[in-house]
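Undergrad: Below is one structure. I have some questions about it.
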Amino acid sequence: MLKKTYNPKLAQAVWWNLLLLTIGGALYATCLQCLSPQHSFLAGGVMGMALLANFVTDILPVSIWYLVFSIPLYLIGWFFVSRRFLLYSLYGTMATTVFGLLLNRAGYVVPVENELYAAVLGGVLLGAGGGIMLRSLGSGGGIDIISVILRNRWNISIGQFSLFVNLVIFSLGLTMGYELDKVLASVIMIFINARMVDYVLGMFNNRKLVLIISERGEEVSEAIMVSERFGVTLLRGKGAYSGLDKDILLTVTNNMALRHLENLVFTVDPKALFIVENTFNVAGGQFRRG
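Okay, so the sequence shown: first residue is 108 according to the working numbering, each after it adds one.
Structure (structure tokens):
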């Protein structure tokens with residue numbers, strides 16, 4: 108019998124999703140309000156598009172351009188993802204804005220003077236914040252909405268798409284007169300941001316694939332199902348050299364439980380062969396999708 112490794116009710120709970128969006132919004136706002144402006148980094152995503160539009164036309168203020176670019180994205184999210192996703196994303200945007208206003212009023216500045224260090228820290232903050240928000244049923248808004256659609260339909264990495272869009276924005280900014288040093292530092296920041304988003308999204312699905320070859324496979328599998336939270340698939344095999352029948356057990360676990368599983372297997376069968384492989388993503392069955 109398979110036992111679940113996550114709580115589906117928790118993943119669907121409103122308070123849990125709001126908590127993820129709140130934490131992610133706080134990290135996002137810390138970078139956008141307390142780090143990037145002090146080093147004049149060029150913003151990415153919708154904010155970067157708004158800054159460029161204001162720089163070229165000077166017809167509307169940046170905040171109005173941001174609204175102009177955001178409205179079509181939210182409409183796309185409404186029709187192509189879900190209304191629940193859109194509402195959560197609106198909350199994510201609002202949480203980021205509120206934290207930004209609070210930090211601005213407090214006058215807090217991240218005390219990092221070196222531009223390279225600031226770009227690295229900014230990328231970590233943006234990527235961690237964005238990844239945490241995307242682990243919820245919503246997002247931080249902006250191009251994250253398009254990123255989710257592309258991931259769901261064509262399995263395009265969210266971090267890669269964000270990196271591509273931001274590189275286009277920064278290239279345009281460079282041709283429009285932005286300082287080369289600032290643009291390069293901004294590229295470093297959004298590259299780390301992209302990698303961090305993918306890491307945060309994948310870290311919860313990172314598992315260990317374990318193969319156990321034993322002559323006492325049924326006893327081992329029963330011991331695992333009694334003491335562990337994950338299931339086991341039992342395959343039948345045969346030794347090519349010895350010609351003896353073998354049981355091959357396949358299971359998926361995590362780093363925390365791996366050592367205990369190894370001790371359990373060798374307690375039941377000291378002659379067993381214990382093989383461990385890293386697997387980046389496991390989805391479906393008793394494991395959460397997405």
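Where is the CB? At the ideal position from N, CA and C, for every residue including glycine. This one's a predicted model, so the numbers in the text were calculated from it and none came from an experiment.
1. Is Asn221 near Gln140, with beta carbons less than 8 Å apart?
2. Cα-Cα, which of Gly245, Arg323 and Ala150 is closest to Gly184?
3. Can Gly280 be considered in contact with the ligand NAD, in the sense that its beta carbon sits closer than 7 Å to one or more heavy atoms?
4. Within the chosen definition, does the region 120-135 reach the region 254-265 through at least 3 CB pairs nearer than 8 Å?
5. According to DSSP, Arg343 sits in a beta bridge with which residue or residues?
6. Can you give me the Cβ contacts of Phe277 inside the same chain, cut-off strictly under 7 Å, excluding the 5 residues immediately before and after it?
7. So, under 8 Å CB-CB, Leu134 and Gly236 are touching, yes? Tell me the CB distance rounded to an integer number of Å.
8. On the CB-based measure, 16 or more other CB atoms within 10 Å of its CB, does Leu356 come out buried or exposed?
9. Can you pull the DSSP bridge partners for Leu316?
10. Only counting the same chain, and skipping five residues up and downstream in sequence, which positions put a Cβ closer than 7 Å to that of Arg323?
11. Over the uninterrupted alpha helix (DSSP H) stretch that includes Met240, give me the two end residues.
12. With distances taken Cα to Cα, identify the nearest neighbour of Leu342 among Tyr348, Met156 and Ser328.
13. What is the rounded straight-line gap between the Cα of Ala136 and the Cα of Ala330?
14. Please list, in chain order, all residues of the same chain as Ala202 whose beta carbon is under 6 Å from its beta carbon, the five residues on each side excluded.
15. Using the Cβ count rule (16 or more neighbours within 10 Å means buried), how would you classify His146?
16. From Val304 to Ser334, what does the alpha carbon distance come to, in whole angstroms?
17. How would you write the range of the alpha helix (DSSP H) that Glu326 sits in, first residue to last?
18. With 16 other CB atoms within 10 Å as the buried threshold, where does Arg242 fall?
19. Do three or more CB pairs link the region 171-178 to the region 218-233 at distances below 8 Å?
20. Name the one or two DSSP bridge partners that Ser196 has.
21. Of the choices Thr360, His367 and Leu257, whose alpha-carbon is the least far from that of Asn385?
22. For Ser321, which three-state DSSP category applies?
23. At the level of alpha carbons, what is the spacing between Ala379 and Thr358?
24. Verify whether the separation of the beta carbon atoms of Leu228 and Val216 is less than 8 Å.
25. Can you tell me whether DSSP reads Met303 as helix, strand or coil?
26. Confirm, please, whether the CB-CB distance from Gly207 to Val307 is below 8 Å.
27. Classify Asn124 as helix, strand or coil using the three-state DSSP reduction.
28. First and last residue of the alpha helix (DSSP H) that includes Pro218?
29. Grab the span of the alpha helix (DSSP H) containing Gly266 for me, first residue to last.
30. Could you tell me if Gly247 is buried or exposed, where buried requires 16 or more neighbouring beta carbons within 10 angstroms of its beta carbon?
31. Count the other CB atoms within 10 Å of the CB of Gly155; is the residue buried (16 or more) or exposed (fewer)?
TA: For this structure:
1. Indexing the sequence shown from 1 puts residue 221 at position 114. Indexing the sequence shown from 1 puts residue 140 at position 33. Contact: no.
2. Mapped onto the sequence shown, residue 184 falls at position 77. With respect to the C-alpha of Gly184, the residue from Gly245, Arg323 and Ala150 having the closest C-alpha is Gly245.
3. With respect to the ligand NAD, the structure shown offers nothing to examine, as it has no ligands at all.
4. Contact between the region 120-135 and the region 254-265 is absent: fewer than 3 CB-CB pairs across the two stretches fall below 8 Å.
5. Numbered from 1 along the sequence shown, position 236 holds the residue referred to as residue 343. Among the bridge pairs identified by DSSP, Arg343 is matched with Asp354.
6. As a first step, residue 277 must be located in the sequence shown, where it is residue number 170. The answer, listed in chain order, is Leu149, Val290, Ser293 and Val294.
7. Along the sequence shown, one-based indexing puts residue 134 at 27. Along the sequence shown, one-based indexing puts residue 236 at 129. With a Cβ gap of about 3 Å, Leu134 and Gly236 count as contacting.
8. For this step, residue 356 is matched to residue 249 along the sequence shown. So Leu356 counts as buried.
9. Translated into positions along the sequence shown, residue 316 becomes position 209. According to DSSP, which records beta bridges pairwise, Leu316 is partnered with Val359 and Glu384.
10. Here residue 323 refers to the residue found at position 216 when the sequence shown is read from its first residue. Result list for Arg323: Val375 and Asp376, in chain order.
11. Along the sequence shown, read from residue 1 onward, the residue named residue 240 stands at position 133. Run containing Met240: Glu222 to Leu241, per the alpha helix (DSSP H) assignment.
12. In the sequence shown, the residue the question calls residue 342 occupies position 235. The shortest Cα separation from Leu342 among Tyr348, Met156 and Ser328 belongs to Ser328.
13. Taking the sequence shown and counting its residues from 1, one reaches residue 136 at position 29. Taking the sequence shown and counting its residues from 1, one reaches residue 330 at position 223. Approximately 48 Å, taken between the alpha carbons.
14. In the sequence shown, the residue the question calls residue 202 occupies position 95. Taken in chain order, the residues that qualify are Leu128, Thr129 and Gly132.
15. Here the question's residue 146 lines up with position 39 in the sequence shown. With 16 or more Cβ atoms within 10 Å of its Cβ, His146 is classed as buried.
16. If you number the sequence shown from 1, residue 304 lands on position 197. If you number the sequence shown from 1, residue 334 lands on position 227. If I take the Cα positions, the gap works out to 34 Å.
17. Translated into positions along the sequence shown, residue 326 becomes position 219. DSSP places Glu326 in the uninterrupted alpha helix (DSSP H) bounded by Gly324 to Ser334.
18. Taking the sequence shown and counting its residues from 1, the one referred to as residue 242 is at position 135. By the neighbour-count criterion, in which 16 or more other beta carbons inside 10 Å mark a residue as buried, Arg242 falls on the buried side.
19. With the cut-off at 8 Å, the region 171-178 and the region 218-233 do not touch.
20. Along the sequence shown, one-based indexing puts residue 196 at 89. Residue pairing for Ser196: DSSP places it in no beta bridge.
21. Along the sequence shown, one-based indexing puts residue 385 at 278. It is Thr360 whose Cα lies nearest to the Cα of Asn385.
22. Working through the sequence shown from its first residue, we reach residue 321 at position 214. In the structure shown, Ser321 sits in a strand (DSSP, three-state: E or B).
23. By 1-based counting over the sequence shown, the position of residue 379 is 272. By 1-based counting over the sequence shown, the position of residue 358 is 251. Distance between the alpha carbons of Ala379 and Thr358: 15 Å.
24. Indexing the sequence shown from 1 puts residue 228 at position 121. Indexing the sequence shown from 1 puts residue 216 at position 109. Between Leu228 and Val216, the gap from beta carbon to beta carbon reaches 8 Å or more.
25. As a position in the sequence shown, residue 303 is number 196, starting the count at 1. Under the three-state reduction of DSSP output, Met303 falls in the helix class.
26. Taking the sequence shown and counting its residues from 1, the one referred to as residue 307 is at position 200. Taking the sequence shown and counting its residues from 1, the one referred to as residue 207 is at position 100. No, these two residues do not count as a Cβ contact at 8 Å.
27. Locating residue 124 in the sequence shown gives position 17, where the first residue counts as 1. When DSSP states are grouped into helix, strand and coil, Asn124 belongs to the helix group.
28. Looking up residue 218 in the sequence shown gives position 111. Neither: Pro218 is in no alpha helix (DSSP H) and is coded neither H nor E.
29. Residue 266 sits at position 159 when you count from the first residue of the sequence shown. That run of the alpha helix (DSSP H) goes Ile265 to Thr282.
30. Against the sequence shown, residue 247 aligns to sequence position 140. Classified as buried, Gly247 has 16 or more neighbouring CB atoms from the shown chains inside 10 Å of its CB.
31. Sequence index remark: in the sequence shown, residue 155 carries index 48 (1-based). Sixteen is the threshold: when 16 or more other Cβ atoms of the shown chains lie within 10 Å of the Cβ of Gly155, as they do, the residue is buried.
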